[in-house]
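Number of protein chains: 2
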Amino acid sequence: MRVTLHQRILSDVEHRILSGAWPPGYRIPSENELAQQYQCARMTINKAMTQLAKAGYIERRRRAGSFVLQPHAQSAVLEIHDIKTEVAALGQAYGYELIEWHRRRGDVIGRGRLELSDSAELIDVTCLHRAGSVPFCLEERLINLDAVSEAEQADFTRESPGAWLLRKVPWNVAEHTISAVGAGAATAHHLGIHEGAPCLAVERRTWNADHVVTLVRLTYPGDRHELVARFSPTGRQTSSPRLT
Amino acid sequence: MRVTLHQRILSDVEHRILSGAWPPGYRIPSENELAQQYQCARMTINKAMTQLAKAGYIERRRRAGSFVLQPHAQSAVLEIHDIKTEVAALGQAYGYELIEWHRRRGDVIGRGRLELSDSAELIDVTCLHRAGSVPFCLEERLINLDAVSEAEQADFTRESPGAWLLRKVPWNVAEHTISAVGAGAATAHHLGIHEGAPCLAVERRTWNADHVVTLVRLTYPGDRHELVARFSPTGRQTSSPRLT
DNA sequence: GAGTGGTCTAGACCACTGT
DNA sequence: CAGTGGTCTAGACCACTCT
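Structure below.
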């Protein structure tokens with residue numbers, strides 16, 4: 002047996018969640034029901050479900066059952082974002098401003114990095130997050146419309162695309178690239194810092210099943226932000242962003 | 002039952018590994034032996050051992066048994082370092098140079114961050130890693146001698162303290178803090194860059210059981226290095242550092 | 001009270017691999 | 001070939017909590 006039974010069960014349930022067939026709040030069949038469906042022992046189901054719970058896909062409550070959770074923001078690694086929550090956690094007033102919005106074909110910049118075909122259409126958004134009156138983070142985002150067609154109708158003047166996606170689209174793979182860069186002219190202008198000032202850049206690609214959903218670049222002024230991640234090899238890691 | 006049996010077994014074995022009682026290469030008793038020792042079913046042992054294997058503490062081989070692994074470098078999050086390996090992976094010649102070495106009491110800088118008592122003694126090392134002839138990373142490290150007394154005799158002129166610690170001391174908790182900073186005068190000098198140039202700073206604290214073992218600050222020139230971490234909520238994450 | 005998940009048992013068969 | 005881990009079974013009891 003190449004792929005084990007509990008792996009297949011886990012994968013089945015994961016795909017039902019990723020596809021939206023089992024949306025957030027959905028009550029998953031009980032272990033006994035699933036054991037009958039799969040014609041296996043309850044322990045086998047339990048193993049799969051326990052892993053799904055550890056991964057943050059579902060919540061399990063005695064007597065009540067197992068429920069699909071909202072897509073999780075934290076990468077289990079760098080608990081970044083939603084930025085609004087992050088700012089609120091610092092006790093600051095959150096401000097959001099849409100700077101640019103374009104809809105276009107992917108034949109420009111991000112096609113390679115988004116793994117898109119020529120015909121793919123995407124949305125390109127630039128926006129700014131503020132903590133109090135101070136610029137906190139510049140967000141430049143591409144959204145793959147093939148993966149999230151609803152994104153075209155979304156209104157990003159009031160809600161940031163990050164928060165919107167978090168509500169709408171579950172993910173199963175993410176990739177972070179973290180670097181230090183000198184602020185370019187436009188970035189410096191938006192963030193209210195000097196050109197060339199050190200900034201922390203976090204670029205994240207997010208997948209749902211096989212499709213890249215979105216590519217985002219978050220630029221933080223280097224003197225105001227750091228990423229903290231605390232963890233152990235065994236248990237689940239705790240992590241929290243922090244302001245210097 | 003507050004703490005479950007397989008949790009206690011896992012914790013028992015983890016502590017034997019962290020304390021050095023079961024050193025790297027040690028063959029752990031078989032599941033059947035452990036089941037007899039703990040007077041429990043083999044499945045209960047298996048659950049604990051499977052988690053230890055996933056956490057990277059041990060390796061399990063059929064017929065051969067389970068063996069304690071070398072302390073693992075990767076944080077399961079940001080697979081940073083040993084830097085020598087990192088440079089080698091880029092196809093560059095690795096160079097190492099010790100810049101400073103001090104032994105002193107902790108009443109200076111890092112006592113607070115190392116969670117040390119007044120009487121604690123520590124080692125303070127500064128060194129430089131090179132890729133080819135180009136400075137790659139500046140390492141500034143404090144080592145808690147209460148936790149690793151052997152560190153006093155270690156020779157850091159040829160081997161970096163990071164590589165030495167990785168060989169000698171297992172860890173069970175780590176905390177990364179990542180930020181972007183402008184290079185100070187000394188840093189700029191060592192890295193051969195301009196003062197104020199953006200750098201990626203990774204600060205890592207590492208614990209063994211309850212003791213902070215070491216605090217290290219790694220400073221990379223921002224235009225030459227980025228951190229990449231790729232992962233999924235379920236499986237183990239793959240991650241690799243990358244040169245731009 | 002009843003149904004859920006959490007844990008544990010005492011078996012079993014298999015795949016693999018070192019001797 | 002023998003012993004290991006990997007998986008699975010068909011039960012069991014318990015804690016919890018929703019109704």
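Taken in sequence, the protein lines are chains P and X. Going by our numbering, the first sequence opens with residue 2, and the numbers climb by one from there. Going by our numbering, the second sequence opens with residue 2, and the numbers climb by one from there. Virtual Cβ for every residue (Gly too), placed ideally from N, Cα, C.
Who are the neighbours of glutamate 227 (chain P) on chain X, taking C-beta pairs under 7 Å? Thr178, Ile179, Ser180
Rounding to the nearest angstrom, what Cα-Cα distance links valine 182 (chain P) and arginine 205 (chain P) in this structure? 16 Å
Does DSSP put alanine 202 (chain X) in a helix, a strand or coil? strand
For glutamine 154 (chain P), count the other beta carbons within 10 Å of its own beta carbon; 16 or more makes it buried, fewer makes it exposed. Which is it? exposed
Return the Cβ separation of tryptophan 172 (chain X) and proline 72 (chain X) in integer angstroms, given the expectation that the two are a contact with Cβ distance under 8 Å. 6 Å
What residues match up with serine 67 (chain X) in a beta bridge as DSSP calls it? X:Ile29, X:Arg61
Using 8 Å as the threshold, is the stretch 2-10 of chain X in touch with the stretch 209-229 of chain P, meaning 3 or more CB pairs across them? no
Pull out every residue of the stretch 186-202 of chain P whose Cβ sits closer than 7 Å to any Cβ of chain X, in chain order. Pro199, Cys200, Leu201
What residues in its chain sit with their C-beta under 7 Å from that of asparagine 47 (chain X), if we drop five residues either side in the sequence? Glu32
Have a look at valine 217 (chain P) and arginine 43 (chain X) and give me their C-alpha separation to the nearest angstrom. 47 Å
Limits of the unbroken beta strand (DSSP E) element including alanine 181 (chain X): 174-183
Using 8 Å as the threshold, is the C-beta distance between leucine 19 (chain X) and asparagine 209 (chain X) below it? yes
Within-8 Å CB hit, threonine 235 (chain P) to chain X: yes
Proximal residues to histidine 103 (chain P) (C-beta, below 6 Å), its chain only, five neighbours per side dropped: Asp125
Beta strand (DSSP E) segment containing arginine 218 (chain X), residue limits: 212-222
Selection from P:Lys169, P:His191, P:Ile179, P:Cys200 that minimises the alpha carbon distance to alanine 184 (chain X): P:Cys200
Minimum Cβ-Cβ distance from valine 4 (chain X) to chain P less than 8 Å: no
Residues near alanine 36 (chain X) in its chain [Cβ-Cβ closer than 8 Å; skip 5 each side]: Ala42, Arg43, Thr45, Ile46
Which chain P residues are close to asparagine 173 (chain X), counting only those with a beta carbon under 9 Å from its beta carbon? Ser233, Pro234, Thr235
Could you tell me the boundaries of the beta strand (DSSP E) in which glycine 96 (chain X) lies? 95-106
Local conformation of histidine 226 (chain P) per DSSP, three classes: coil
From alanine 202 (chain P) to isoleucine 179 (chain X), what distance separates their C-alpha atoms? 11 Å
Chain P beta carbons: is any one of them nearer than 8 Å to that of alanine 230 (chain X)? yes
Whose C-beta lies closer than 6 Å to the C-beta of threonine 207 (chain X) among residues of the same chain, with five residues either side of it excluded? Trp172, Ala175, Val214, Thr215
Take the Cβ of histidine 16 (chain P) as the centre, count every other Cβ of all protein chains shown within 10 Å, and call the residue buried at 16 or more, exposed below. exposed
Arginine 64 (chain X) versus X:Gln93, X:Gln40, X:Ile29, X:Gly96, residue with shortest Cα-Cα distance: X:Ile29
Apply the 10 Å Cβ neighbour rule to isoleucine 100 (chain P) and answer buried if 16 or more other Cβ atoms are within range, or exposed otherwise. exposed
Bounding residues of the beta strand (DSSP E) (the contiguous stretch that carries histidine 16 (chain X)): Careful: histidine 16 (chain X) lies outside any beta strand (DSSP E), inside the alpha helix (DSSP H) at 6-19.
Look up proline 72 (chain P) in the DSSP assignment and say whether it is helix, strand or coil. coil
Closer than 7 Å to a non-hydrogen atom of the ligand FMN - does that hold for the CB of valine 217 (chain X)? Among the components modelled here there is no ligand, and therefore nothing to report on the ligand FMN.
Going by other Cβ atoms of all chains shown within 10 Å of its Cβ, with 16 needed for buried, is proline 24 (chain P) buried or exposed? exposed
Where leucine 143 (chain P) falls: helix, strand or coil (DSSP): strand
Tell me, to the nearest whole angstrom, how far the beta carbon of proline 234 (chain P) is from that of tyrosine 95 (chain X); I am working on the premise that it is less than 8 Å. That belief does not hold up - the Cβ atoms of proline 234 (chain P) and tyrosine 95 (chain X) are roughly 26 Å apart, past 8 Å.
In terms of residue numbering, what span does the alpha helix (DSSP H) encompassing valine 88 (chain X) cover? 84-90
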